[in-house]
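This report concerns only the one structure given below.
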């Protein structure tokens, strides 16, 4: 039995829904559940917190979802919050969100597409003192999000993994191809909005969260590429190229299967190679758009960031929490209420701690380690206060935004793009009218991390020559990937040196950026302002040269190691494997000139400050 026939055979269809008023609430309900809904007290739906056995499984700024037991069925109740005048104005031109998702659910059910089955919808009720809409859907048993199912593959036996990957890949390709040929495009198709269900030896994938979709219209080539690029956003980080290319071949094969069987079936106007090329470009555009959306939160008061006034001319921007915990950051598991920040951010006390800097004390900055009292335990942090060595820099520092604020924004933007960095927690500025008197940056402290030069020394001493050689190979690959990802995701680094990279302990080296003064966003392409930002070749060579020079004198690193970093940097799918050779010659020439400038700079510092 093929995927479409299996879905159709296992799905109950209710072609004629009914309107029902029960307990003062107006419902759209499937006929089979009319009497059950009529006999259910209305106050149950208006007080989900007080119902025994009901479990909240999701809560964000717009929706909350509960897993419930109702009328002998396991269901999900999704509450859509009314956000005030914006939602009321939006409803003048479009239906409520629950009605839109209901319509999508009924469409995919009629088309035989695997998806959450809607049961009832109420466009207006009161919950927690605010107006809401409610949609009740049948639960998909023994199902987990695609993201969790895919990451769980790492835990199964290697001999079983290829078969499991193939099952999920085929089920996912069949579902998306069926939806596109049936005239359904899910506009928010990421790995969290797809559920993987195990039914014996068979694997099925289901759509959920259907409130954003195009229905009953042909899905053209551009929409196909756009939709697949959304899904690719997650899988480009958690799967290799071979798996993604095999998925595209399976998708094309299933498209051909469903073309004569669906109302909007059509041939794709792109060959396999054209589809891959279009998908690469669209994936970059989609990723940049998503990252920019996250960046805009930094300037607003919201769930994750907020501004604070501390008195005495001091202003701050702080982190309130994190959407996703990160394995390399203990602070990403903590919450930071505004009330706690008001007591923790004592500017005078923090400036006294950073004075004289126990980690760094130079003409450009004072850096000190400190510890803040937090409800979840002591919070180790790093405090950094920029300094100006002459009147030109003092004038530049007095103008907004301050260096600390720029570094805070840069750090958050790196984390948004999954570029590992020491997490900025807060930034403080003391203002006098439009001018900045002083500023202070608070970032997390990672006690187990080492700066790359020191790590190279200790790692070599702890390993035998054979193990050390293999470790250097893994480190070169990680270092090249770290710099390449920085450039591919729209940043340039003018101070890309080994001292600004930390290494976390583990069998495989995990690297992260610190001291973000030299990192800046790349301007968008002049002929395509909405296009993806990428570092130019000149910016790439500048960063690689700086890194090359910083490692040149280290006794644990050989010339072959530096060449290996360069080869890994220029390697990749569709790249010229010989490109590193011309870059090596250019970097050698630049490195010689930079070492001369560095020698002159050290002599100047020795003369001015008595130290280099």
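Numbering (the numbering used here), first residue to last: 1 to 612.
Cβ coordinates follow ideal geometry from the N, Cα and C atoms, glycine included.
Looking at the strands, I want to know which residues DSSP matches up with residue i.
{"i": "residue 137", "result": "76 and 118"}
{"i": "residue 305", "result": "319"}
{"i": "residue 501", "result": "513"}
{"i": "residue 311", "result": "314"}
{"i": "residue 67", "result": "55 and 76"}
{"i": "residue 193", "result": "Paired residues: none, contrary to the question."}
{"i": "residue 372", "result": "379"}
{"i": "residue 561", "result": "DSSP lists no partner for residue 561."}
{"i": "residue 529", "result": "Paired residue(s): none; residue 529 is not in a bridge."}
{"i": "residue 360", "result": "367"}
{"i": "residue 126", "result": "131"}
{"i": "residue 143", "result": "197"}
{"i": "residue 184", "result": "DSSP lists no partner for residue 184."}
Between residue i and residue j, what straight-line distance do the alpha-carbon atoms span, to the nearest angstrom?
{"i": "residue 258", "j": "residue 407", "result": "52 angstroms"}
{"i": "residue 467", "j": "residue 453", "result": "18 angstroms"}
{"i": "residue 579", "j": "residue 208", "result": "45 angstroms"}
{"i": "residue 362", "j": "residue 355", "result": "11 angstroms"}
{"i": "residue 413", "j": "residue 34", "result": "50 angstroms"}
{"i": "residue 553", "j": "residue 446", "result": "26 angstroms"}
{"i": "residue 385", "j": "residue 236", "result": "38 angstroms"}
{"i": "residue 4", "j": "residue 199", "result": "With a pLDDT of 35 at residue 4, under the threshold of 50, the predicted position of this residue should be treated as unreliable, though the coordinate-derived value follows. If you take the alpha carbons of residue 4 and residue 199, they lie about 16 angstroms apart."}
{"i": "residue 114", "j": "residue 231", "result": "17 angstroms"}
{"i": "residue 613", "j": "residue 193", "result": "Absent from the model: residue 613. The displayed extent of the chain is 1 to 612, so no value can be given."}
{"i": "residue 174", "j": "residue 256", "result": "10 angstroms"}
{"i": "residue 499", "j": "residue 250", "result": "46 angstroms"}
{"i": "residue 436", "j": "residue 393", "result": "12 angstroms"}
{"i": "residue 606", "j": "residue 396", "result": "25 angstroms"}
{"i": "residue 267", "j": "residue 439", "result": "60 angstroms"}
{"i": "residue 19", "j": "residue 133", "result": "15 angstroms"}
{"i": "residue 539", "j": "residue 521", "result": "11 angstroms"}
{"i": "residue 593", "j": "residue 420", "result": "31 angstroms"}
{"i": "residue 604", "j": "residue 496", "result": "22 angstroms"}
{"i": "residue 398", "j": "residue 298", "result": "22 angstroms"}
{"i": "residue 558", "j": "residue 162", "result": "39 angstroms"}
{"i": "residue 505", "j": "residue 295", "result": "30 angstroms"}
{"i": "residue 345", "j": "residue 451", "result": "28 angstroms"}
{"i": "residue 147", "j": "residue 238", "result": "9 angstroms"}
{"i": "residue 47", "j": "residue 214", "result": "33 angstroms"}
{"i": "residue 507", "j": "residue 455", "result": "13 angstroms"}
If residue i and residue j are in contact, beta carbons under 8 angstroms, what's the gap, nearest whole angstrom?
{"i": "residue 430", "j": "residue 314", "result": "5 angstroms"}
{"i": "residue 178", "j": "residue 224", "result": "That pair is no contact at about 13 angstroms."}
{"i": "residue 221", "j": "residue 270", "result": "6 angstroms"}
{"i": "residue 205", "j": "residue 219", "result": "Contact flag wrong, Cβ pair sits at about 18 angstroms."}
{"i": "residue 425", "j": "residue 280", "result": "That belief does not hold up - the Cβ atoms of residue 425 and residue 280 are roughly 36 angstroms apart, past 8 angstroms."}
Around the C-beta of residue i, are 16 or more other C-beta atoms found within 10 angstroms, so that it is buried, or is it exposed?
{"i": "residue 503", "result": "buried"}
{"i": "residue 189", "result": "buried"}
{"i": "residue 272", "result": "exposed"}
{"i": "residue 493", "result": "buried"}
{"i": "residue 58", "result": "exposed"}
{"i": "residue 21", "result": "exposed"}
{"i": "residue 10", "result": "Any reading at residue 10 needs caution, since the residue's pLDDT is 34, under 50, leaving its predicted position unreliable; the model's value is listed next. Flag for residue 10 reads exposed."}
{"i": "residue 112", "result": "buried"}
{"i": "residue 509", "result": "buried"}
{"i": "residue 158", "result": "exposed"}
{"i": "residue 614", "result": "Summary: the structure shown does not reach residue 614, with the chain confined to residues 1 through 612, and so no result is reported for it."}
{"i": "residue 156", "result": "exposed"}
{"i": "residue 448", "result": "exposed"}
{"i": "residue 55", "result": "exposed"}
With residue i as the anchor, note down where its alpha helix (DSSP H) starts and where it stops.
{"i": "residue 542", "result": "537–552"}
{"i": "residue 286", "result": "272–296"}
{"i": "residue 467", "result": "465–488"}
{"i": "residue 201", "result": "Careful: residue 201 lies outside any alpha helix (DSSP H) and carries neither H nor E."}
{"i": "residue 242", "result": "241–258"}
{"i": "residue 107", "result": "97–111"}
Identify the continuous beta strand (DSSP E) that holds residue i and give its terminal residues.
{"i": "residue 439", "result": "435–444"}
{"i": "residue 29", "result": "25–29"}
{"i": "residue 18", "result": "18–22"}
{"i": "residue 460", "result": "From DSSP, residue 460 is part of no beta strand (DSSP E) but of the alpha helix (DSSP H) over 452–462."}
{"i": "residue 425", "result": "424–432"}
{"i": "residue 519", "result": "519–521"}
{"i": "residue 524", "result": "Here residue 524 belongs to no beta strand (DSSP E), and DSSP marks it neither H nor E."}
{"i": "residue 162", "result": "Careful: residue 162 lies outside any beta strand (DSSP E), inside the alpha helix (DSSP H) at 161–181."}
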